[in-house]
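Those letters in the sequence shown? Residues 73 to 452, by the working numbering. The beta-carbon is built from N, C-alpha and C at its ideal position, and this holds for glycine as well.
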Amino acid sequence: MDKRLIVKILIILVPLELLLWYHVFNNSEGTSDNNLEEISDIRYYGKDFFLLEGTEIADSLKESRYDRLPLSLKNVVREPVWDLSKSSAGMSIRFLSNTTSINVKWTVLNDNKMPHMPESGIKGVDLYFNNNGKFQYLNTAIPSGIESEFLLMQNMSNEMREYKMFLPLYDGLVSIEIGIDSDSQILKADKNMAKPIIFYGTSITQGCCASRPGMAHTNIISRKLNVDVINFGFSGNGMMESPINELISESDPLLYVIECLPNMSSDQVTERTIPLVKTIREKHSKTPIILVENFIYDRSVLDMKDDEMITNKNKALRDEYIKLINSGYDYVYYVEGANANGDDYEGTNDTVHFNDLGYMRYADYLISKFVEFGLINLTD
Numbered sequence: 073m074d075k076r077l078i079v080k081i082l083i084i085l086v087p088l089e090l091l092l093w094y095h096v097f098n099n100s101e102g103t104s105d106n107n108l109e110e111i112s113d114i115r116y117y118g119k120d121f122f123l124l125e126g127t128e129i130a131d132s133l134k135e136s137r138y139d140r141l142p143l144s145l146k147n148v149v150r151e152p153v154w155d156l157s158k159s160s161a162g163m164s165i166r167f168l169s170n171t172t173s174i175n176v177k178w179t180v181l182n183d184n185k186m187p188h189m190p191e192s193g194i195k196g197v198d199l200y201f202n203n204n205g206k207f208q209y210l211n212t213a214i215p216s217g218i219e220s221e222f223l224l225m226q227n228m229s230n231e232m233r234e235y236k237m238f239l240p241l242y243d244g245l246v247s248i249e250i251g252i253d254s255d256s257q258i259l260k261a262d263k264n265m266a267k268p269i270i271f272y273g274t275s276i277t278q279g280c281c282a283s284r285p286g287m288a289h290t291n292i293i294s295r296k297l298n299v300d301v302i303n304f305g306f307s308g309n310g311m312m313e314s315p316i317n318e319l320i321s322e323s324d325p326l327l328y329v330i331e332c333l334p335n336m337s338s339d340q341v342t343e344r345t346i347p348l349v350k351t352i353r354e355k356h357s358k359t360p361i362i363l364v365e366n367f368i369y370d371r372s373v374l375d376m377k378d379d380e381m382i383t384n385k386n387k388a389l390r391d392e393y394i395k396l397i398n399s400g401y402d403y404v405y406y407v408e409g410a411n412a413n414g415d416d417y418e419g420t421n422d423t424v425h426f427n428d429l430g431y432m433r434y435a436d437y438l439i440s441k442f443v444e445f446g447l448i449n450l451t452d
């Protein structure tokens with residue numbers, strides 16, 4: 073065969089082969105379970121179509137809908153507290169739909185990252201559904217940056233179901249939209265009329281190191297008890313401070329859980345515990361107040377200085393609790409920290425912050441104390 077003819081044939085065939093490989097490669101990439109292009113006719117719905125839980129502060133009183141503090145406190149609380157209040161920790165949205173697929177599209181404030189916590193926990197979104205009265209986990213929307221879009225469920229039957237999405241723990245939420253089949257319905261869920269539980273505390277309260285939002289102990293307790301839980305956890309800054317004390321006293325909750333010791337010195341515990349209780353008691357004479365010790369860090373078994381610090385803080389809290397009881401304060405309860413996280417030293421991510429196992433244990437531990445104190449009845 074003429075060499076010039078062979079060259080011409082190769083010039084034609086090689087590009088065709090490359091084009092074929094490109095087509096195959098692109099098709100293989102397009103088979104991802106989370107490829108939104110596979111599902112057509114998605115319609116997105118915003119805040120008017122779902123119930124926001126985990127906050128009692130009206131949108132009109134906040135700088136942003138998903139803030140945890142009112143705008144009136146912006147120049148009252150310390151700057152780190154205000155910045156942390158922009159995170160949507162403890163908040164969730166609830167809705168009903170007969171869709172066969174669920175997508176979520178959300179925008180976060182900062183695109184935060186931390187070396188010891190997955191981004192799915194920092195700024196992801198968890199999806200649960202109501203399965204015979206209990207919310208059951210389905211999937212987590214993994215963030216991809218400031219703006220994210222994620223296919224959470226598909227191939228479902230078109231029954232009307234109730235869904236709940238837990239919002240980011242360590243980033244602010246600018247907006248969130250729910251994507252469903254364009255020919256399906258979406259209904260805002262009815263408000264839970266039971267009184268909420270209010271938590272005031274630290275990074276642990278905020279959910280630090282949970283793998284996903286639903287695994288923070290406040291969210292676990294919310295699901296297990298079917299109550300709204302309001303999370304005033306401020307990483308490194310849960311310190312029984314007057315502006316937050318005043319704010320939480322404005323609510324009318326089922327009970328208060330105060331777990332601030334990890335961020336406080338023993339002197340601060342002595343100075344601030346009784347004023348916090350007095351602030352609440354001025355408005356609520358019988359609402360239960362639960363004071364929680366600093367749980368024992370894993371490293372404290374050998375770190376003598378750490379052990380002494382925790383021992384001193386817990387002693388200071390107990391001393392203030394005894395003063396309250398001796399002064400006639402009723403409905404104040406005390407929770408020890410020694411057994412809060414099991415006895416196998418496997419419940420933390422970094423010796424201080426709980427991992428998912430630790431959060432489950434801690435939630436169950438607190439619930440057992442609520443029952444022991446006669447504050448809840450699990451048979452209801």
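Can you give me the C-alpha to C-alpha distance between residue i and residue j, rounded to a whole angstrom?
i, j, result
"Tyr401", "Leu223", "52 Å"
"Lys267", "Thr212", "28 Å"
"Val407", "Thr274", "16 Å"
"Ile302", "Ile270", "5 Å"
"Phe97", "Leu210", "Confidence at Phe97 is low in this model, with a pLDDT of 36, below 50, so its placement is unreliable and no value can be given for it."
"Pro142", "Lys355", "20 Å"
"Ala261", "Leu396", "41 Å"
"Asp428", "Ala435", "11 Å"
"Asn182", "Gly244", "7 Å"
"Phe426", "Asp255", "43 Å"
"Ala412", "Leu239", "25 Å"
"Gln208", "Glu343", "42 Å"
"Tyr235", "Val443", "28 Å"
"Leu259", "Phe121", "6 Å"
"Val364", "Arg353", "18 Å"
"Met432", "Gln257", "34 Å"
"Val329", "Ser314", "16 Å"
"Lys119", "Asp378", "46 Å"
"Asp300", "Ser372", "34 Å"
"Leu297", "Glu125", "15 Å"
With 16 as the cutoff for other CB atoms within 10 Å, does residue i come out buried or exposed?
i, result
"Leu438", "buried"
"Ile394", "exposed"
"Gln278", "buried"
"Tyr94", "Legend: pLDDT at Tyr94 = 38, less than 50; position of this residue unreliable, no value from coordinates given."
"Asp370", "buried"
"Asp415", "exposed"
"Ser399", "exposed"
"Pro152", "exposed"
"Glu380", "exposed"
"Met163", "buried"
"Lys263", "exposed"
"Glu219", "exposed"
"Gly217", "exposed"
Considering only the alpha carbon of each residue, which of the options lies closest to residue i?
i, options, result
"Met55", "Asp139, Ile248, Ser169, Val149", "With the chain represented from 73 up to 452, any question about residue 55 goes unanswered, as that position is not in the structure."
"Ile320", "Phe426, Ile114, Ile129", "Ile129"
"Lys233", "Ile394, Lys206, Asp378, Ser283", "In the sequence under discussion, the amino acid at residue 233 is Arg, which differs from the Lys named in the question. Checked all of Ile394, Lys206, Asp378, Ser283; the closest Cα to Arg233 is Lys206."
"Gly430", "Ser440, Tyr200, Lys441, Tyr417", "Tyr417"
"Tyr197", "Asn366, Asn309, Ile174, Asn386", "Before going on, a small fix: residue 197 reads as Val here, not Tyr. Out of Asn366, Asn309, Ile174, Asn386, Ile174 has the C-alpha closest to the C-alpha of Val197."
"Tyr403", "Cys280, Ser307, Ser357", "Ser357"
"Ala288", "Thr179, Ala161, Gln257, Lys377", "Ala161"
"Gly409", "Ile382, Glu322, Val443, Met237", "Ile382"
"Ile510", "Gln340, Pro334, Glu343", "With the chain covering only 73 through 452, there is no way to say anything about residue 510."
"Lys441", "Ile362, Asn291, Ser372, Ser164", "Ile362"
"Arg295", "Phe122, Lys119, Met237, Ser323", "Met237"
"Thr127", "Asp113, Ser372, Leu145, Ile165", "Ile165"
"Pro187", "Glu249, Ser283, Tyr116, Asn449", "Ser283"
"Phe167", "Thr451, Asp324, Glu249", "Glu249"
"Pro215", "Val176, Asp422, Val373", "Val176"
"Asp113", "Gly251, Glu221, Asn147", "Gly251"
"Met225", "Asn170, Phe445, Ser338", "Asn170"
"Arg115", "Lys134, Val246, Glu221, Glu135", "Glu221"
Is residue i near the ligand NAP, judged by its Cβ being under 6 Å from some heavy atom?
i, result
"Leu223", "In terms of ligand content, the structure shown is empty, and the ligand NAP therefore cannot be addressed."
In chain order, what residues of the same chain have a beta carbon less than 7 Å from the beta carbon of residue i, not counting five sequence neighbours either side?
i, result
"Leu447", "Leu327, Pro360"
"Leu389", "Leu333, Val341, Thr345, Leu363, Glu365"
"Leu241", "Ser159, Ala161, Gly193, Ile194, Gln278, Gly279, Ala282, Pro285, Ala288"
"Asn421", "His188, Cys281, Asn427"
I'd like the list of long-range same chain contacts for residue i, defined as Cβ closer than 6 Å, with 5 residues on each side in sequence excluded.
i, result
"Met336", "Met311"
"Thr172", "Met228, Asn230, Asp253"
"Leu348", "Met312, Asn317"
"Ser100", "Because the pLDDT at Ser100 is just 35, under 50, the model does not fix this residue reliably, and the value given afterwards should be weighed accordingly. Within the same chain, Ser100 has no close Cβ partners at all."
"Met376", "none"
"Arg140", "Ser157"
"Asn202", "Glu234"
"Arg137", "Asp131"
"Phe306", "Val153, Leu156"
Kindly list the residues whose CB is nearer than 8 Å to the CB of residue i, restricted to its own chain and excluding five residues on each side of it in sequence; keep chain order.
i, result
"Lys185", "Glu191, Ile194"
"Asn309", "Arg150, Pro152, Val153, Leu156, Thr274, Asn335"
_Segments assigned alpha helix (DSSP H), at least 4 residues, entirely inside the stretch 164 to 216_ = At a cut-off of 4 residues, the continuous stretches assigned as alpha helix (DSSP H) that sit fully inside the stretch 164 to 216 are 191 to 195.
_Any alpha helix (DSSP H) of 4 or more consecutive residues that is wholly inside the stretch 286 to 357_ = Correct list: 289 to 297, 314 to 321, 338 to 353.
*Taking only runs of the alpha helix (DSSP H) that begin and end inside the stretch 358 to 404, which ones reach a length of at least 4 residues, in chain order?*
Listed in chain order, the complete alpha helix (DSSP H) runs (minimum 4 residues) inside the stretch 358 to 404 are 376 to 398.
*Enumerated in chain order, which unbroken segments of the beta strand (DSSP E) with a length of 3 residues or greater are wholly contained in the stretch 213 to 250?*
The qualifying runs are 219 to 225, 233 to 238.
_Going residue by residue through the stretch 132 to 168, where are the continuous alpha helix (DSSP H) segments of at least 4 residues, counting only ones entirely within it?_
As far as the stretch 132 to 168 is concerned, its whole alpha helix (DSSP H) runs of at least 4 residues are 151 to 157.
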